[in-house]
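One structure below.
Pasting the structure below:
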């Protein structure tokens, strides 16, 4: 289970789920070694953690590797089945067969999970909430061929937006990232 703490560097997550990146591990009092991770990572969390990396870091690869499975219903305590574990054990053969059918579908689908609109909506909101540049563009910029703005006005507004959102360490490369994002993704 993940704690409610910010993720400062998404690199280790990306490396752990990559099929091509080696990961270095160092057991206590032993020599480090490299390996290709074959395990799938599953995390349980009450809240998706904030990504607290530099503004100019593109975390798209991190978000593209996520599959969010929302559990939106909490069973009230007076309706909880205290014998559920025992009942599930009694049905383990059926549950296993059901899991195998899901695995076969997963394999036939090119090792991808079926599309789920709710999951994608949650990921899209998660991306937006962790990308100040995209949020600034969406909330403060408008593409209009009749009007234009000067670079210093755009940078000033971006800096003010960042300050309003608790980010006060804006660097020169952050403005370049804003410009590149506007050009690459939006054709501004």
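In my numbering, the protein residues as written are 4 to 191. In this text, a Cβ means the ideal position worked out from N, Cα and C, and glycines have one as well. Nothing here was measured: the structure is a model prediction, and the numbers come from that model.
Under the 8 Å Cβ criterion, the segment 74-81 does not count as touching the segment 152-161, having fewer than three qualifying pairs.
Between residue 66 and residue 136, the gap from beta carbon to beta carbon reaches 8 Å or more.
Straight across, the Cα-Cα distance linking residue 84 with residue 162 is about 53 Å. The DSSP assignment places complete alpha helix (DSSP H) segments of no fewer than 4 residues inside the segment 16-77 at 63-67, in order along the chain. Within the segment 123-165, the alpha helix (DSSP H) runs of at least 4 residues that lie entirely inside it are, in chain order, 135-143. In the DSSP assignment, residue 118 falls outside any alpha helix (DSSP H) and carries neither an H nor an E.
Of the candidates 158, 166 and 164, the residue whose Cα lies closest to the Cα of residue 176 is 158.
Below 8 Å, enough C-beta pairs join the segment 46-53 and the segment 4-13 to call them touching: three or more. Between the beta-carbon of residue 29 and that of residue 38 there is about 12 Å, and that puts the pair past the 8 Å contact cut. In this structure residue 54 is buried. Its beta-carbon is surrounded by 16 or more other beta-carbon atoms within 10 angstroms. Within the same chain, and ignoring the five residues on either side of residue 64 in sequence, the residues whose Cβ sits closer than 6 Å to its Cβ are 17. Rounded to the nearest angstrom, the gap between the Cα atoms of residue 20 and residue 68 is 8 Å.
Secondary structure at residue 10: strand, using DSSP grouped into helix, strand and coil.
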